[in-house]
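Reviewing the structure listed below.
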Amino acid sequence: MRTSAGAVIGSDDFRKVMGHFVTGVTVVTALDGERPFGITVNALSSVSLDPPLVMVALDRRRFLTPIVRAAGRYAVNILSEDQQALSDCFAGAAVEPGREAFCGAAWHVGATGLPLLDGAIATLECAVVETFSAGDHDLFIGRVDALANEPDHPMPLLYFRRRYLRIEGAATAEVEGKPER
Numbered sequence: 509m510r511t512s513a514g515a516v517i518g519s520d521d522f523r524k525v526m527g528h529f530v531t532g533v534t535v536v537t538a539l540d541g542e543r544p545f546g547i548t549v550n551a552l553s554s555v556s557l558d559p560p561l562v563m564v565a566l567d568r569r570r571f572l573t574p575i576v577r578a579a580g581r582y583a584v585n586i587l588s589e590d591q592q593a594l595s596d597c598f599a600g601a602a603v604e605p606g607r608e609a610f611c612g613a614a615w616h617v618g619a620t621g622l623p624l625l626d627g628a629i630a631t632l633e634c635a636v637v638e639t640f641s642a643g644d645h646d647l648f649i650g651r652v653d654a655l656a657n658e659p660d661h662p663m664p665l666l667y668f669r670r671r672y673l674r675i676e677g678a679a680t681a682e683v684e685g686k687p688e689r
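Going by the working numbering, the sequence shown opens with residue 509, and the numbers climb by one from there.
Right, dumping it as C-alpha cells:
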C-alpha cells in the first residue's frame with residue numbers, strides 16, 4: 509500500500525483515494541426565479557433523523573452554489589441506474605449559467621415548489637438551515653420538508669473509481685447486522 513504522510517497531498521492523489529468509496533449519484537436542483545438549474549453531486553450525507561437533515565457539498569466555483577445560497581432551498585434527486593446520461597450532462601454543467609434547457613430532462617414541481625427530475629428513484633426537498641465553508645466547497649445542511657421514493661425500488665446509479673456502477677444482483681441471503689425497519 510502506498511502512503512503519504514507529512515507531504516502535501518495533491519488533489520489527484522486525494523481524488524484517487526476517495527474514489528475507493530462507493531457513492532450514489534444525485535443531481536441537486538434549485539430554482540433561480542422560475543428557471544431550474546442542477547448539477548451532479550455525490551457528496552450527500554444524512555446528518556440527523558430528528559429533525560431529518562441532509563448535507564450536500566457544492567463547489568463554490570459552480571453556478572448552482574450562489575443560487576442555493578440565495579434561494580435557501582434545494583432538492584436532491586437520487587438517480588436510477590438508467591439515468592447515467594443525465595448524470596453526465598449535469599456533471600458537465602458550465603461554471604456560468606446557460607445550460608440548454610435543464611439538460612433536456614423531464615421534470616416536475618415538487619411539494620415545496622422545487623424542480624424534481626422525472627425517473628429519480630427518490631427525492632428530498634430541503635430548506636437550508638446551516639451553511640459552512642469547507643475548503644473550495646460550501647456545505648449546505650438542509651431540513652427535509654418533503655420526500656418521495658419509487659415504490660418498486662429501482663436500482664440506484666453508483667459511482668466508484670471514477671466510473672459508474674450498476675448493481676447486478678442484490679444479496680439473497682441475510683447478512684449480519686440489525687435488520688432495516
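Here a beta-carbon is modelled for each residue, glycine too, at the ideal position from N, C-alpha and C. Here the structure is a predicted model, which is why all the values come from computation and not from measurement.
In terms of alpha-carbon separation, which member of Ala614, Gly532, Asp644 lies closest to serine 553?
Gly532
Count the other CB atoms, across all protein chains shown, that sit within 10 Å of the CB of leucine 453; report buried if there are 16 or more and exposed otherwise.
Look at the range of the chain in this structure, 509 to 689, and you will see that residue 453 is not part of it.
Going along the chain, which residues of its own chain have a beta-carbon closer than 6 Å to the beta-carbon of valine 549, five neighbours each way excluded?
Thr534, Val536, Val564
Measuring straight from C-alpha to C-alpha, what distance separates phenylalanine 668 and leucine 647?
Approximately 22 Å, taken between the alpha carbons.
The beta strand (DSSP E) enclosing valine 533, as first and last residue numbers:
No beta strand (DSSP E) contains valine 533, which DSSP labels as neither H nor E.
Glutamate 604 to arginine 569 span [Cα, whole Å]
In this prediction, glutamate 604 scores a pLDDT of 44, lower than 50, which makes its location untrustworthy; the coordinate-derived value is nonetheless stated afterwards. Glutamate 604 and arginine 569: Cα-Cα distance of roughly 9 Å.
Closest by CA to threonine 631, which one among His616, Ala642, Phe640, Gly643?
His616
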